[in-house]
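Residue numbers (my numbering), protein chains in the order written: chain Y, 437 to 657; chain L, 437 to 657.
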DNA sequence: TGGCAATGTAGTATAACTACTACATCACTA
DNA sequence: TAGTGATGTAGTAGTTATACTACATTGCCA
């Protein structure tokens, strides 16, 4: 008997995932959780083989969720299921201890493969993420999965002000720089972190706030 | 034979919805669309009794979708299915021509009731929205602490695009408005919600999206 | 140790955005 | 029913941001 816990705040999504899970060979027993707190409660009282976790649910949404789960059941498999653009976040989650990461808009077939793979004890990595991984390793040195680690000191300063919603002109004043200089930093930050607008930047910052070196970089200013 | 078209960009959601639909009595025939364009294509070539529409899908996301659909099949029923906090937007959609509005995180039972109700030719209104309607008519006494409740339909549309980080110029194109018009909405949204920049807006939106259950609990007091 | 990439800085031209104002509808209220 | 406020829409003029380019400095590695 395989015990699967599906954690997603959308019941319709749970239903879909449940169907995927039940379509797989083996005797599946599915439990559903609507919030992260609920998820933790279940994990504390029962054993599960697999947790399929929506990272965008109330009370959750960051890397710490993985640790919170693994702390209670170190041998549980975790398949992250998310609406986010996979390639941006997958590596971070995988490194923190997740066993797979799949986007909600993946085809059913991929979903089945993901669940089966993770249940089988292997990591599930979609082709896109696999390529990203390879790129990371063929590049120099250790995997900085944290995109903020590559920012320079000045860039970090600007980023911190940007993510507060301050206009460039104010930032320029504060740092005693020309507007255009700040603009250049902004462009470089966007490029390095792979985002297209401040909102995405803020979201990305949220994702990495748990593990980032950004705080340190700010301190040394 | 009842023909149902499910429009959602997440296949897992389509799967869930399909299961709900097929669990209902009657001979159900389900078609799936992944984008709004695809939805329109289907509607142009075949007749459907019911469209279950995710308002947050690529190429869609505004009130005009309803009209685009009704223009082609005036007698089609439309059930809006959304991840948004229902109570904020439902009335606007219902007024534009939708026959029902259900949140993705509603219990399966409610989902079934919604589909059945709309198929039966009636409007589906959840209790929360019903209460909102009543409140609207029995005058507004208790303050909506939700700052988004005071936004007009158009403002909500603009807000949703803004919080995705889209530049005004794109929003203007999408909604077929002048840039300056969008700018006006933006200013009004900022004023009504009491924020000074998009980032604060996004944060505020997150806040009120995460507390939806709490909100309901408050209402029945 | 010479070279190259990363960093800090900024200008010019252009594009995007905001502030302020305006006006027509519509719904509702005194 | 006239008046008032909310809504949908947009223009003008001025402000702010971007793209692209440039250049000096620094650190590091071959």
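Even glycine gets a Cβ: it sits at the ideal position worked out from N, Cα and C.
| Item | Value |
| --- | --- |
| State the Cα-Cα distance for the pair residue 601 (chain L) and residue 593 (chain Y), rounded to the nearest angstrom. | 21 Å |
| Please specify which runs of the beta strand (DSSP E), each continuous and at least 3 residues long, are wholly inside the stretch 459 to 499 of chain L, giving them in chain order. | 464 to 469 and 486 to 490 |
| Leaving out five residues on either side along the sequence, give the residues of the same chain with a beta carbon under 8 Å from the beta carbon of residue 575 (chain L). | Its pLDDT being 34, under 50, residue 575 (chain L) is placed unreliably in this model, and the value from its coordinates should be taken loosely. Cβ within range, chain order: n/a, list empty. |
| Could you have a look at residue 539 (chain L) and say whether DSSP puts it in helix, strand or coil? | strand |
| Tell me where the alpha helix (DSSP H) around residue 551 (chain L) begins and ends. | 544 to 555 |
| Among L:447, L:613 and L:590, which one has its Cα closest to the Cα of residue 517 (chain Y)? | L:447 |
| State the CB to CB distance for the pair residue 457 (chain L) and residue 515 (chain L), rounded to an integer number of angstroms; the pair is presumed to be in contact (CB under 8 Å). | Contact flag wrong, Cβ pair sits at about 10 Å. |
| CA-CA distance, residue 626 (chain L) and residue 618 (chain L)? | 12 Å |
| Note down, in chain order, every chain L residue with its Cβ under 7 Å from the Cβ of residue 445 (chain Y). | 541 |
| Please give the ranges of any beta strand (DSSP E) in the stretch 582 to 619 of chain Y, keeping only runs that are unbroken, at least 3 residues long and fully inside the region. | none |
| Run through chain Y and tell me which residues come within less than 7 Å of residue 633 (chain L), C-beta to C-beta. | 601 |
| Shorter than 7 Å from the beta carbon of residue 452 (chain L) to some beta carbon of chain Y? | yes |
| Terminal residues of the continuous beta strand (DSSP E) containing residue 442 (chain Y)? | 438 to 443 |
| Taking residue 512 (chain L) as part of the beta strand (DSSP E), name the residues at either end of that continuous run. | It is not in any beta strand (DSSP E) - residue 512 (chain L) carries neither H nor E in the DSSP assignment. |
| Would the beta-carbon of residue 487 (chain Y) fall within 7 Å of that of residue 512 (chain Y)? | yes |
| Residues of chain L with a CB under 7 Å from the CB of residue 547 (chain Y): which are they? | 448 |
| Please report the Cβ distance between residue 465 (chain Y) and residue 505 (chain Y), rounded to the nearest whole angstrom; I am assuming they are in contact, meaning their Cβ atoms lie under 8 Å. | About 18 Å separates the two Cβ atoms, so there is no contact after all. |
| Take residue 548 (chain Y) and list the residues in its own chain whose beta-carbon comes closer than 8 Å to its own, dropping the five residues that flank it on each side. | 456, 459 and 460 |
| What is the rounded straight-line gap between the Cα of residue 443 (chain L) and the Cα of residue 611 (chain Y)? | 49 Å |
| Compare the C-beta of residue 440 (chain L) with all C-beta atoms of chain Y and state if any pair is closer than 7 Å. | no |
| Based on the DSSP secondary-structure assignment, which residues constitute the bridge partners of residue 621 (chain Y)? | DSSP lists no partner for residue 621 (chain Y). |
| By Cβ distance below 6 Å, which residues in the same chain neighbour residue 475 (chain L) in space, the five residues on each side in sequence not counted? | 443 and 469 |
| Per DSSP, residue 560 (chain Y) is paired with what? | Y:536 |
| Does residue 473 (chain L) come within less than 7 Å of chain Y when only Cβ atoms are used? | no |
| Using a cut-off of 8 Å between C-beta atoms, extract the partners of residue 455 (chain Y) located in chain L. | 451, 452 and 455 |
| Does the CB of residue 485 (chain L) have a neighbour CB from chain Y at under 7 Å? | no |
| Suppose the cutoff is 7 Å on Cβ atoms and the five residues either side in sequence are ignored; what does the same chain contact list for residue 632 (chain Y) look like? | 626 |
| Counting only C-beta atoms, is residue 511 (chain L) closer than 7 Å to chain Y at any point? | no |
| Along chain Y, which residues have their Cβ under 7 Å away from the Cβ of residue 636 (chain L)? | 601 |
| Go ahead and label residue 501 (chain Y) buried or exposed: buried means 16 or more other beta carbons lie within 10 angstroms of its beta carbon, across all protein chains shown. | buried |
| Distance, Cα to Cα, residue 591 (chain L) vs residue 624 (chain L)? | 8 Å |
| Alpha carbon to alpha carbon, what distance is there between residue 559 (chain Y) and residue 533 (chain Y)? | 10 Å |
| From residue 449 (chain L) to residue 542 (chain L), what does the alpha carbon distance come to, in whole angstroms? | 13 Å |
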